[in-house]
Amino acid sequence: MTSARTSRRAKADATRRRILHAAHEEFLAHGFHGATMAAIASRAGVAVQTVYFVFRTKAELISAVIDLAVLGEEDPTIPQESGWWQAMETEPDPAEALRIFVRGAAPLFERASAISEVLRAAALTDPEIRRTHEDHERLRLEAFREVIDRFAARGALQAGLDPGRATDVFFTVLSDSVWHGLRTERDWSAERVTDWMSDALPRLLLER
Numbered sequence: 033m034t035s036a037r038t039s040r041r042a043k044a045d046a047t048r049r050r051i052l053h054a055a056h057e058e059f060l061a062h063g064f065h066g067a068t069m070a071a072i073a074s075r076a077g078v079a080v081q082t083v084y085f086v087f088r089t090k091a092e093l094i095s096a097v098i099d100l101a102v103l104g105e106e107d108p109t110i111p112q113e114s115g116w117w118q119a120m121e122t123e124p125d126p127a128e129a130l131r132i133f134v135r136g137a138a139p140l141f142e143r144a145s146a147i148s149e150v151l152r153a154a155a156l157t158d159p160e161i162r163r164t165h166e167d168h169e170r171l172r173l174e175a176f177r178e179v180i181d182r183f184a185a186r187g188a189l190q191a192g193l194d195p196g197r198a199t200d201v202f203f204t205v206l207s208d209s210v211w212h213g214l215r216t217e218r219d220w221s222a223e224r225v226t227d228w229m230s231d232a233l234p235r236l237l238l239e240r
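To convert, count from 1 in the sequence shown and add 32; that's the numbering used here.
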C-alpha cells in the first residue's frame with residue numbers, strides 16, 4: 033500500500049513538473065494573456081482538465097512557475113536557507129559579503145527574470161495578476177531589507193544612506209527587469225551581469 037501511494041505521488045509530482053515546464057515555455061512564447069491553458073496542456077501532454085485540477089487558474093500557474101524558477105528544481109530552497117546566504121551572513125568584510133550575495137542570487141535571477149517580466153507586463157492590465165506580482169515583489173523586498181539591516185547594524189552603509197533608501201537602491205538595481213534587460217537587450221552574458229552587480233552594489237551601498 034505504501035509503495036502504491038509513493039508511486040502515485042511520484043507520478044503526480046512528475047505531471048506537475050511537466051505542466052510547470054510547459055507553462056514556462058508557453059508564457060515566454062506568448063505572454064501571459066496570449067498563453068492558454070489548452071496550449072499549456074498540449075505542451076505538457078496532459079488533458080486541459082488536469083492543468084485546471086492541479087493549478088485552478090492561470091494566475092496560480094504562473095506564480096508556481098516563478099516559485100520553481102526561484103527555489104530551484106532539484107533541491108528547492110528559499111534563499112535564506114541556502115549555503116550562499118549563510119556564507120554572506122558569516123563573512124566579516126561587508127563588501128565581500130555583498131558580493132557573495134550577488135553571486136549566490138545570480139542563478140535565481142538567471143532562471144526567473146524572463147518569466148517574472150512576463151508577470152510584470154501582465155500586471156499592468158490585470159488586477160489579479162497585479163496582486164500576484166506584488167506578492168512576489170514583497171517577498172524580494174523583505175529579503176533585501178533583511179540583508180540591508182545586517183549591513184546597517186554593522187555600520188557598513190554609506191554615510192547619509194538610511195536602511196530604507198539603501199533597500200530601495202538594492203531592490204531596484206538587483207531586479208528582474210535590470211537583469212533581463214542587460215541579458216536580452218544589451219546582450220550581456222550572465223557572468224558579465226554578475227560581475228557588474230558585484231562591483232556596482234558595494235560602491236552604491238557601502239562605505240569604502
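Yeah, the Cβ is synthetic: ideal placement off N, Cα and C, and Gly gets one too.
Given the structure is predicted, the values throughout are model-derived calculations rather than measurements.
Best match in the options for proximity to residue i [C-alpha to C-alpha]
i    : options                   : result
V150 : R75, R182 and S209        : S209
E92  : W116, A76, E217 and A55   : A55
E10  : L206, E58, D158 and H53   : There is no way to answer for residue 10, as the model of the chain reaches only from 33 to 240.
A184 : L238, T164, A153 and W228 : L238
E142 : E223, S39 and T82         : E223
H212 : D99, L140 and E105        : L140
P108 : R49, A154 and E166        : R49
F87  : G104, M69, L103 and V102  : M69
Integer Cβ distance of residue i from residue j, believed to fall under 8 Å
i    : j    : result
A147 : V97  : The question names Ala, but residue 147 is Ile in the sequence shown. The pair is a contact, with the Cβ atoms about 6 Å apart (cut-off 8 Å).
V134 : T226 : 6 Å
T164 : S230 : Not a contact, Cβ separation roughly 30 Å.
Residues that DSSP places opposite residue i in a beta bridge
i    : result
L237 : Note: L237 sits in no beta bridge, so no partner.
L189 : L238
Sequence-distant residues of its chain with Cβ nearer than 7 Å to residue i (five each side left out)
i    : result
E58  : A67, A71, I72 and R75
I132 : W116, A119, M120 and E123
I180 : P195, A198, T199 and F202
Proximal residues to residue i (C-beta, below 8 Å), its chain only, five neighbours per side dropped
i    : result
Q112 : A175 and E178
A216 : The residue you asked about is not Ala; residue 216 is Thr in the sequence shown. So the qualifying residues of the chain are A146.
Task: Stretch pair the segment 220-236 + the segment 126-142: three plus CB contacts closer than 8 Å - done: yes
Open item on the list: Whether or not the segment 154-161 and the segment 59-71 are in contact is what I'm after, with contact meaning three or more pairs of Cβ atoms, one per stretch, closer than 8 Å; do they touch?
Closed with: yes
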